[in-house]
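In my numbering, the protein residues as written are 2 to 157. Report on the structure given below.
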């Protein structure tokens, strides 16, 4: 369901949302458990080729079980956070993304996504990252979050 943002004065553009997704270090993925309750997982991620990508253990876990049953998901980041105790306020930028999540099946897409994630997390260790990926790629799954829509806001 797409709702209208209440605080339009804090709304940021889609371009700014995408910039935030490119710059944020981590976010939280919300999936739906078998009994209908939400399940949230904090994750490293990368935004590339118009989608979000995450890595996880191969073929096991609560998150993968949830995705197998229901592909609908939500992802949220908060960055540029600065507490302002004297004003009882917080400066921030946040983005909430709505869409669907699937396990990446294509080997080339999987490699491209994990390389992009490794480069984002460890930009100064490219060669070591590629060696690590070569050793671990068959032991991990990559998840693709297809973005349907997103909202973002920032304190001004």
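For glycine and all other residues, C-beta sits at the position ideal for the given N, C-alpha and C.
| field | Spatial distance of residue 65 from residue 7 (CA atoms) | value | 33 Å
| query | Hey, would you say residue 102 sits closer than 7 Å to residue 150, going by beta carbons? | reply | no
| query | Taking the C-alpha atoms as reference points, what is the distance between residue 13 and residue 5? | reply | 13 Å
| What first and last residue would you give for the alpha helix (DSSP H) that runs through residue 130? | 127-137
| query | Hey, out of 17, 125, 114 and 138, whose CA is closest to residue 50's CA? | reply | 114
| field | Separation of residue 146 from residue 98, as counted between CA atoms | value | 9 Å
| Run through DSSP, which three-state label would residue 66 get? | helix
| Does the distance from the C-beta atom of residue 93 to that of residue 156 stay below 7 Å? | yes
| Does DSSP put residue 78 in a helix, in a strand, or in coil? | strand
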